[in-house]
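Residue numbers (the numbering used here), protein chains in the order written: chain A, 59 to 199; chain B, 338 to 467.
Report on the structure given below.
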């Protein structure tokens, strides 16, 4: 029988894997799209019609299951009237690398890249959608 | 008596998540356990209300105060209810591991059973540590 601790351990291990960073991006995109759909009073069918994308594909994006392309994301964000900007953060305070291995605080030269979303019409910040980091001591792949 | 255990509980979560052993077991046994738990945690942090609607959202209202959480488009559904009208806590009672577009008769019955649990406050309780 699984305990809460078992699930939290699985969650912790998953968060140390690169694919969790992709999922975080998908979750943030889904959250943003859902907020905007709710705000506009649109259904996923409305969004499909306005973007030319299939409704089933929109559904997968809303469920954070679709590994969508930048082009598709662009169509959706354009239809919703939302602009996306990538910003770099100069400091990163985490003490572990992408694989969850602890690294010396002095050796942390990673930078984070923050995907900040702004509304197209007013350039008003509406949230941070995702964060990722990279640096010389982080080995990918 | 249905017992539920806190998975995501505390000030970090706009919607706390409490699950039965059945839901915890199926969640942890899934090949996508890490992904499913990550999604559930994200919903909890942001607040379930931001992901719900009658159709087309990960959290779908099924009637009688019961909601279905889609943690994967085609695989995993958690069935439960909010503790109160403020929706600060979600109680996941049952789980489906497969399903098409429409619910089967058996799945509808299970949703009704969850509604019964919701309707009788004495039929379930939180177990703080577990």
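Ideal placement from N, C-alpha and C gives every residue a C-beta, glycine not left out.
Proximity of residue i and residue j at Cβ, strictly below 9 Å
{"i": "residue 427 (chain B)", "j": "residue 404 (chain B)", "result": "yes"}
{"i": "residue 83 (chain A)", "j": "residue 375 (chain B)", "result": "no"}
{"i": "residue 400 (chain B)", "j": "residue 458 (chain B)", "result": "no"}
{"i": "residue 343 (chain B)", "j": "residue 121 (chain A)", "result": "no"}
{"i": "residue 382 (chain B)", "j": "residue 424 (chain B)", "result": "no"}
{"i": "residue 117 (chain A)", "j": "residue 393 (chain B)", "result": "yes"}
{"i": "residue 387 (chain B)", "j": "residue 65 (chain A)", "result": "no"}
{"i": "residue 377 (chain B)", "j": "residue 341 (chain B)", "result": "no"}
{"i": "residue 129 (chain A)", "j": "residue 371 (chain B)", "result": "no"}
{"i": "residue 447 (chain B)", "j": "residue 62 (chain A)", "result": "no"}
{"i": "residue 369 (chain B)", "j": "residue 431 (chain B)", "result": "no"}
Within-9 Å CB hit, residue i to chain A
{"i": "residue 400 (chain B)", "result": "no"}
{"i": "residue 376 (chain B)", "result": "yes"}
{"i": "residue 344 (chain B)", "result": "yes"}
Close-in-space but distant-in-sequence residues of the same chain around residue i (CB under 8 Å, 5 per side omitted)
{"i": "residue 88 (chain A)", "result": "119, 120, 121, 122"}
{"i": "residue 373 (chain B)", "result": "364, 367, 408, 409, 413"}
Neighbourhood of residue i by C-beta distance below 6 Å, restricted to the same chain and skipping five residues each side
{"i": "residue 138 (chain A)", "result": "94"}
{"i": "residue 109 (chain A)", "result": "133, 134, 137"}
{"i": "residue 461 (chain B)", "result": "339, 454"}
{"i": "residue 402 (chain B)", "result": "418, 455"}
Contact with chain B by residue i, beta-carbon distance below 9 Å
{"i": "residue 73 (chain A)", "result": "yes"}
{"i": "residue 60 (chain A)", "result": "yes"}
{"i": "residue 50 (chain A)", "result": "What is shown of chain A runs 59 to 199, which leaves residue 50 (chain A) out entirely."}
{"i": "residue 88 (chain A)", "result": "yes"}
{"i": "residue 85 (chain A)", "result": "yes"}
{"i": "residue 76 (chain A)", "result": "no"}
{"i": "residue 107 (chain A)", "result": "no"}
{"i": "residue 101 (chain A)", "result": "yes"}
{"i": "residue 140 (chain A)", "result": "no"}
Residue i: CB within 8 Å of a non-hydrogen atom of the ligand ADP
{"i": "residue 65 (chain A)", "result": "With respect to the ligand ADP, the structure shown offers nothing to examine, as it has no ligands at all."}
Status (buried if at least 16 other CB within 10 Å, exposed otherwise) for residue i
{"i": "residue 395 (chain B)", "result": "buried"}
{"i": "residue 443 (chain B)", "result": "exposed"}
{"i": "residue 140 (chain A)", "result": "buried"}
{"i": "residue 345 (chain B)", "result": "buried"}
{"i": "residue 114 (chain A)", "result": "exposed"}
{"i": "residue 102 (chain A)", "result": "buried"}
{"i": "residue 464 (chain B)", "result": "exposed"}
{"i": "residue 357 (chain B)", "result": "buried"}
Cβ-based neighbour list, residue i, same chain, cut-off 7 Å, excluding 5 preceding and 5 following
{"i": "residue 347 (chain B)", "result": "none"}
The region 353-383 of chain B: positions lying closer than 7 Å to chain E by Cβ: The question asks about chain E, but that chain is absent: this structure's protein chains are A and B.
Residue ranges of each beta strand (DSSP E) within the region 383-417 of chain B, 3 or longer: 396-400, 403-407
Beta strand (DSSP E) runs wholly inside the region 416-457 of chain B, at least 3 long, in chain order: Listed in chain order, the complete beta strand (DSSP E) runs (minimum 3 residues) inside the region 416-457 of chain B are 426-433.
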